[in-house]
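Asks: Here it is: the structure, laid out below.
Residue numbers (the working numbering), protein chains in the order written: chain A, 1 to 411; chain B, 1 to 250.
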């Protein structure tokens with residue numbers, strides 16, 4: 001046996017690591033980089049164009065406005081990773097909300113049970129879509145287009161023509177419209193940094209135990225410090241009174257920890273569990289997955305179930321924000337959800353993308369909406385710009401895929 | 001000579017009225033490379049599919065390490081230590097080398113993936129084959145060349161403690177330098193004590209790497225030769241059917 005040493009990408013100083021990162025970016029593994037750049041550029045652009053953009057109130061609004069889109073985009077990541085699509089995610093959320101309202105208000109069911117029923121409805125929908133896609137092999141585009149049309153009808157039947165139901169449950173309304181006490185924001189940050197630190201140290205100890213190279217520990221601390229400073233600034237701003245009237249508004253919106261928990265669990269599942277690994281594998285090469293013994297159909301069905309269930313969560317946030325459920329809810333947001341995921345760096349071809357990409361993408365889409373609104377441009381411009389950004393992102397996706405796949409020709 | 005690692009006697013397989021394998025005998029030894037050659041339709045793929053358990057043989061005796069075995073499904077074959085590297089390699093381009101090598105057999109601790117253990121084992125498996133061509137085991141497969149991909153696929157069989165590795169056209173579609181790399185790898189695989197069966201249309205490769213050459217012609221095994229005792233023209237003759245072991249032209 002020879003002593004050839006094989007690198008693992010964990011060797012070397014911080015400088016080597018930075019160099020390796022830039023090399024990966026050049027070879028097409030850009031991840032969320034284009035979206036983060038776009039986010040920064042747009043923020044600079046809008047703050048120079050509108051005096052209202054960089055206000056404390058708008059800062060908080062931006063997070064709240066993007067929350068439901070962010071959760072929907074996170075939901076779609078699971079099916080996009082398979083190279084599939086769920087056009088029905090928005091209306092699934094809509095019907096889920098209609099079910100919630102009807103159960104709660106018409107039939108007097110407990111709010112919590114109604115929420116659980118709505119989520120169960122989401123899972124069931126995902127299961128049925130998954131059966132069509134995975135077992136019968138109907139293209140997901142067609143199946144979910146069918147559900148998209150059918151569920152609009154279901155919404156009308158459940159709520160009546162032009163029907164609107166108010167959501168009068170304080171606990172539900174609070175999610176999007178109330179804030180945590182100031183101390184809770186800081187606790188949130190400490191928990192986040194603490195958990196990240198523990199996971200980082202845990203990974204290192206496993207690598208050391210296996211006798212493998214580890215990245216310089218300073219990198220972990222730099223990353224955590226970065227997180228602590230950015231998070232600290234955000235919380236400090238959110239904890240100040242941002243009200244324009246007498247009644248004070250301060251604190252981190254309640255929806256933020258909810259989104260963070262969803263992203264954390266989602267990332268954990270994708271990166272560290274067998275299911276996550278198989279999801280990427282099936283998205284990359286289903287035949288290879290099948291031969292490796294993966295139950296491809298089961299993975300596909302599970303992905304659609306997660307997507308539809310999370311979509312209902314996003315619908316719940318929507319109902320909470322506007323305080324009502326209408327019979328047209330969810331028709332248009334699904335396309336923005338797909339756009340957010342793709343803009344953030346999730347590949348439409350499957351196999352590439354993370355939870356954070358969906359979040360960044362949702363922020364980009366929301367910031368365009370928010371910023372253009374503040375400048376006072378007509379709504380038409382908003383659609384044009386969002387569409388342009390989406391085509392741009394999809395182009396980057398296709399090009400980077402070509403580049404990283406093109407190396408097969410390089411012998 | 002030692003007990004063969006795998007010994008087939010009187011193997012038959014037919015699809016409806018078509019007899020694809022007409023009672024063939026075949027042996028392969030641990031630590032040796034046995035080439036399986038033959039023209040299109042000679043029955044090479046059917047033989048391989050039988051060995052891997054994908055399409056079980058109809059009739060005949062299979063002995064593995066001297067023991068009679070039944071290869072009724074892929075699971076039984078892989079439990080015995082028979083691994084096939086198909087021509088399309090079955091790799092996920094979006095995953096890295098370690099992830100591909102462990103696909104379907106991931107190591108977990110308390111329900112989560114143990115990346116460190118897998119990385120260690122994958123590195124060791126590649127080192128046992130003296131792989132030098134790969135920069136990092138955490139490279140995505142999409143960034144690898146054809147030869148490097150073949151390396152990953154072969155490394156995966158080592159990781160699974162294969163005793164018999166069957167390679168289907170490993171050098172097809174590779175350039176000169178990469179073919180050389182892969183053939184070296186095949187040689188080292190055998191040097192590590194693994195029995196290797198290599199299917200190839202390229203006789204230059206076969207003569208370079210194989211210890212034995214078995215020739216299939218229209219479903220029958222027409223010749224099983226030691227590479228040292230034969231030559232290029234004879235093998236071509238067996239493959240095309242102009243020559244048989246008895247020396248009679250047909």
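Glycine residues also receive a C-beta, built at the ideal position from the N, C-alpha and C atoms.
If you're wondering where the values come from, they're calculated on a predicted model, not measured in any experiment.
Applying the 10 Å Cβ sphere with the 16-neighbour rule, what's the burial state of residue 233 of chain B?
Replies: Residue 233 of chain B comes out exposed.
Asks: Which same chain residues, not among the five before or five after residue 383 of chain A, have their C-beta less than 6 angstroms away from its C-beta?
Replies: Excluding residues within five positions, none has a Cβ falling inside 6 angstroms.
Asks: Can you tell me whether residue 201 of chain A is buried or exposed? The criterion is at least 16 other CB atoms within 10 Å of its CB, across all chains shown.
Replies: Exposed, since its Cβ has fewer than 16 Cβ neighbours within 10 Å.
Asks: Among A:345, A:68, A:27 and A:298, whose alpha-carbon lies nearest the alpha-carbon of residue 419 of chain A?
Replies: Missing from the structure shown is residue 419 of chain A; chain A here goes from 1 to 411 and no further.
Asks: What would DSSP say about residue 147 of chain B, mapped onto helix, strand or coil?
Replies: The answer is helix: DSSP assigns residue 147 of chain B an H, G or I state.
Asks: Mind listing which residues of the stretch 292-317 of chain A have their C-beta closer than 8 angstroms to chain B's C-betas, in chain order?
Replies: Answer in chain order: 292, 293 and 294.
Asks: Does residue 67 of chain B pass the burial test, meaning 16 or more other C-beta atoms within 10 Å, or should it be called exposed?
Replies: The residue is exposed, with fewer than 16 neighbouring Cβ atoms inside 10 Å.
Asks: My output table needs one value for residue 85 of chain B: the three-state DSSP class, helix, strand or coil.
Replies: Here residue 85 of chain B sits in strand by DSSP.
Asks: Using the beta-carbon of each residue, which ones in chain A are nearer than 8 angstroms to residue 136 of chain B?
Replies: What residue 136 of chain B touches in chain A: 6, 7, 8 and 9.
Asks: How about residue 165 of chain A and residue 312 of chain A: do their beta carbons lie closer than 8 angstroms?
Replies: Going by C-beta atoms, residue 165 of chain A is not nearer than 8 angstroms to residue 312 of chain A.
Asks: According to DSSP, is residue 119 of chain B helix, strand or coil?
Replies: Three-state DSSP puts residue 119 of chain B in a helix.
Asks: Between the beta-carbon of residue 181 of chain B and the beta-carbon of residue 147 of chain B, is there less than 8 angstroms?
Replies: In contact: residue 181 of chain B and residue 147 of chain B (Cβ atoms closer than 8 angstroms).
Asks: Between which two residues does the beta strand (DSSP E) carrying residue 7 of chain B extend?
Replies: Where residue 7 of chain B is concerned, the enclosing beta strand (DSSP E) stretches over 6-15.
Asks: Please list the terminal residues of the continuous beta strand (DSSP E) segment that includes residue 20 of chain B.
Replies: Here the beta strand (DSSP E) through residue 20 of chain B covers 18-28.
Asks: To the nearest angstrom, report how far apart residue 359 of chain A and residue 305 of chain A are at their CA atoms.
Replies: Straight-line Cα distance between these residues: approximately 20 angstroms.
Asks: Within its chain, find whatever has a CB closer than 7 angstroms to the CB of residue 157 of chain B; leave out the 5 residues flanking it on each side and keep chain order.
Replies: Here the set comprises 83, 85 and 165.
Asks: Classify residue 170 of chain A: buried if its beta carbon has 16 or more other beta carbons within 10 angstroms, exposed otherwise.
Replies: So residue 170 of chain A counts as exposed.
Asks: For chain A, is any of its Cβ atoms less than 8 angstroms away from the one on residue 104 of chain B?
Replies: Cβ-Cβ to chain A under 8 angstroms: yes for residue 104 of chain B.
Asks: Hey, how far is the Cα of residue 35 of chain B from the Cα of residue 197 of chain B?
Replies: Residue 35 of chain B and residue 197 of chain B: Cα-Cα distance of roughly 6 angstroms.
Asks: Listing by chain order, which chain B residues have their CB less than 9 angstroms from the CB of residue 273 of chain A?
Replies: In chain order: 108, 111, 112 and 113.
Asks: Helix, strand or coil for residue 169 of chain B per DSSP?
Replies: Looking at residue 169 of chain B - three-state DSSP - the assignment turns out to be coil, as it is neither helix nor strand.
Asks: Compute the Euclidean distance between the alpha carbons of residue 391 of chain A and residue 129 of chain A, then round it to the nearest angstrom.
Replies: Distance between the alpha carbons of residue 391 of chain A and residue 129 of chain A is about 27 angstroms.
Asks: Any idea which residues DSSP pairs residue 179 of chain A with across the strands?
Replies: Beta-bridge pairing links residue 179 of chain A to A:253.
Asks: So residue 96 of chain B and residue 140 of chain B are in contact, right, with Cβ under 8 angstroms, and what is the actual spacing, rounded?
Replies: Right, their Cβ atoms sit about 5 angstroms apart.
Asks: In terms of residues, what are the limits of the beta strand (DSSP E) holding residue 276 of chain B?
Replies: Residue 276 of chain B lies beyond the residue range present for chain B, which begins at 1 and ends at 250; the question has no answer from this structure.
Asks: For residue 10 of chain A, does the count of other Cβ atoms within 10 angstroms reach 16, so buried, or fall short, so exposed?
Replies: Residue 10 of chain A is buried by the Cβ-count criterion.
Asks: In chain order, what residues of the stretch 115-134 of chain B put their CB closer than 8 angstroms to some CB of chain A?
Replies: Residues 115, 116, 117, 119, 120, 123, 126, 127, 128, 130, 131, 132 and 134.
Asks: Residue 91 of chain B versus chain A: which residues are under 8 angstroms apart at the beta carbon?
Replies: In chain order: 285 and 288.
Asks: Measure the Cβ-Cβ separation of residue 330 of chain A and residue 315 of chain A and say whether it is below 8 angstroms.
Replies: Going by C-beta atoms, residue 330 of chain A is nearer than 8 angstroms to residue 315 of chain A.
Asks: With DSSP run on the structure shown, which of helix, strand or coil describes residue 214 of chain A?
Replies: Reduced to three states, the DSSP call for residue 214 of chain A is coil.
Asks: Report yes if the C-beta distance between residue 283 of chain A and residue 81 of chain A is below 8 angstroms; otherwise report no.
Replies: Going by C-beta atoms, residue 283 of chain A is nearer than 8 angstroms to residue 81 of chain A.
Asks: Rounded C-beta distance between residue 91 of chain B and residue 71 of chain B? I'm assuming under 8 angstroms.
Replies: The pair is not a contact, with the Cβ atoms about 25 angstroms apart (cut-off 8 angstroms).
Asks: Can residue 110 of chain B and residue 274 of chain A be called in contact, C-beta distance under 8 angstroms?
Replies: Not a contact, by the Cβ cut-off of 8 angstroms.
Asks: Output, in chain order, the set of chain B residues within a Cβ distance shorter than 8 angstroms of residue 210 of chain A.
Replies: Within chain B, the residues near residue 210 of chain A are 116, 117, 119 and 120.
Asks: Could you give the residue range of the beta strand (DSSP E) that holds residue 166 of chain A?
Replies: Segment 164-166, the beta strand (DSSP E) holding residue 166 of chain A.
Asks: On the three-state DSSP scale, how would you describe residue 369 of chain A?
Replies: Helix.
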